[in-house]
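Protein chains: 2
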Amino acid sequence: MDDPRGRLREIGFSEADAATLADHFLDAERRGKHSHGLSRVDWLADLPELDPAARPDLVASEPGYERWDGGGAVGYLTLAAICDAQLADPPATARVVVASRCFPTGVLGYWVRRLADGGLVAALTATSPARLASPDGGPPLAGTNPIAIAVPSSDGRPLVADVSMGRVTHGDVLTGDAAPEELVPFGGDRAHKSFALAVGVQMLVGALAGEGPGAVLVVARPEFDPVPGLRSLATGVRLPGDR
Amino acid sequence: MDDPRGRLREIGFSEADAATLADHFLDAERRGKHSHGLSRVDWLADLPELDPAARPDLVASEPGYERWDGGGAVGYLTLAAICDAQLADPPATARVVVASRCFPTGVLGYWVRRLADGGLVAALTATSPARLASPDGGPPLAGTNPIAIAVPSSDGRPLVADVSMGRVTHGDVLTGDAAPEELVPFGGDRAHKSFALAVGVQMLVGALAGEGPGAVLVVARPEFDPVPGLRSLATGVRLPGDR
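First to last, the protein sequences are chains Z and D. For the first sequence, the numbering used here assigns the number 1358 to the initial residue and increments by one for each residue that follows. For the second sequence, the numbering used here assigns the number 1358 to the initial residue and increments by one for each residue that follows.
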């Protein structure tokens, strides 16, 4: 695969930020999530408000809580800074991290996997522009609002679940792999369930991070090691996040 | 509807606990969740390890974190005690609450609604015995593991989303309203998504609360008030948790 760092440097990102972004896009390609992969480089370049020099800020910090603001940086870099900060200074037990103005965030599984690789349990959700309407009709009320969970394992293979509430991703629509009308809550005759989760996440993040796309992360030290037991029970069954 | 308090007192619950349980069961009936309603009273009486006098304990408390243990009490009473404690002493900003040995937990939307009625944002998940297998086959690996989110609103009507990962509930199977083989991850051709969330929750709760059913709650003070805006956008569309 082509290394996108040169192109990212041309767009104006620093060498360190270009490396951070490249790692995310290349990992998405390797995991088959092409709509979050290299095609996003030119998409970033075309974002009307792109400011490659902007930096996220830690605006509040207390035991068990942090609040970050994207400060105009792309959401990838905000989540990268948040992950770096959690790994450098893990919570005593658990911490809630709220990020406002945090978009785009890419593959949420990538970020929670980084935290689990560093020994932390993580649950992350993030909002995006409203594209999902109720299965009963009406206007779009929620983004595809994925929920991602990662849990470290003593066998070295964290469990990583990463689920968007859309039947397809907006990226699939951007790349032409799906029609816009396929971007509905997943679940068929149970689509009201994924719609409810998408709306719940939209309001949860909105109540903590304010208007516009944001993210909420819970990060904690594991007290138990349940993943190896699950893997032995699941012999022959692919678990979420495994390749 | 019959008031189940007398029967709950006969089973051995204190007057206060009988009132707590009765309120949960009657609320479930009013919201049409009959499989979590009055039928659960006799079901409770038949639980082989029922100890109506058992009390949950707060076993660890620090800024931003609490750990509770069910101590042999039914999960309803553990979650009731946790909600009471959050409302009596809300977090400075946010708090993660872990409950071990917390089963059965009933309708999670009921608990987060109580917190939102008291002005707090809440996200709650809980595990139950493994009943969901992968859509690809194999043994049951996860409970129906609902995720519930509630967000207070200045209009007095919180947004409450409460979604189980099962196509039907185990309660529906208990009451004969669904066949056991219908208890699969919801989503049809996208059922791997709800399965991934169920497994993610199973490991998240397992890593923080240990073996057996448990619960993880995030509770926070809202900094913004997004629900009225959603309601005005959603004119004519039923929102999650509304009747």
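Ideal Cβ positions, reconstructed from N, Cα and C, are used throughout, including at glycine.
Where residue i sits in the DSSP three-state scheme
i                       : result
residue 1408 of chain Z : coil
residue 1464 of chain D : coil
residue 1568 of chain Z : coil
residue 1360 of chain Z : coil
residue 1488 of chain D : coil
residue 1432 of chain Z : helix
residue 1394 of chain Z : coil
residue 1556 of chain Z : helix
residue 1503 of chain Z : coil
residue 1589 of chain Z : helix
residue 1551 of chain Z : helix
residue 1494 of chain D : strand
residue 1413 of chain D : coil
residue 1518 of chain D : strand
residue 1473 of chain Z : helix
residue 1540 of chain D : coil
Short Cβ contact (7 Å threshold) for residue i with residue j
i                       : j                       : result
residue 1409 of chain Z : residue 1466 of chain Z : no
residue 1423 of chain Z : residue 1454 of chain Z : yes
residue 1414 of chain D : residue 1432 of chain D : no
residue 1378 of chain D : residue 1365 of chain D : yes
residue 1300 of chain D : residue 1572 of chain D : No answer is possible for residue 1300 of chain D: the residues shown for chain D start at 1358 and end at 1600.
residue 1577 of chain D : residue 1565 of chain Z : yes
residue 1483 of chain D : residue 1498 of chain Z : no
residue 1440 of chain Z : residue 1471 of chain Z : yes
C-alpha gap between residue i and residue j, whole angstroms
i                       : j                       : result
residue 1412 of chain D : residue 1436 of chain D : 11 Å
residue 1570 of chain Z : residue 1589 of chain D : 19 Å
residue 1519 of chain D : residue 1598 of chain D : 7 Å
residue 1560 of chain Z : residue 1539 of chain D : 31 Å
residue 1444 of chain Z : residue 1521 of chain D : 32 Å
residue 1388 of chain Z : residue 1473 of chain Z : 17 Å
residue 1554 of chain D : residue 1374 of chain D : 32 Å
residue 1544 of chain Z : residue 1525 of chain Z : 11 Å
residue 1501 of chain D : residue 1491 of chain D : 12 Å
residue 1404 of chain Z : residue 1493 of chain D : 40 Å
residue 1542 of chain Z : residue 1574 of chain Z : 23 Å
residue 1509 of chain D : residue 1478 of chain D : 6 Å
residue 1562 of chain D : residue 1384 of chain D : 26 Å
residue 1434 of chain Z : residue 1393 of chain Z : 15 Å
residue 1418 of chain Z : residue 1507 of chain D : 24 Å
residue 1442 of chain Z : residue 1382 of chain Z : 21 Å
residue 1416 of chain Z : residue 1475 of chain Z : 24 Å
residue 1533 of chain Z : residue 1391 of chain Z : 12 Å
Closer than 7 Å to chain Z by CB, residue i
i                       : result
residue 1467 of chain D : no
residue 1431 of chain D : no
residue 1543 of chain D : yes
residue 1520 of chain D : yes
residue 1392 of chain D : no
Distance between beta carbons of residue j and residue i, contact taken as under 8 Å
i                       : j                       : result
residue 1523 of chain D : residue 1489 of chain D : 6 Å
residue 1464 of chain D : residue 1516 of chain D : That pair is no contact at about 16 Å.
residue 1361 of chain D : residue 1398 of chain D : 5 Å
residue 1556 of chain D : residue 1401 of chain Z : Not really, about 33 Å apart at Cβ, beyond 8 Å.
residue 1451 of chain Z : residue 1421 of chain D : 6 Å
residue 1511 of chain D : residue 1582 of chain D : 5 Å
C-beta neighbour in chain D for residue i, strict 7 Å
i                       : result
residue 1550 of chain Z : yes
residue 1485 of chain Z : no
residue 1470 of chain Z : no
residue 1427 of chain Z : no
residue 1418 of chain Z : no
Under 8 Å from the C-beta of residue i: neighbouring residues of chain A
i                       : result
residue 1488 of chain D : Among the protein chains of the structure shown, namely Z and D, there is no chain A.
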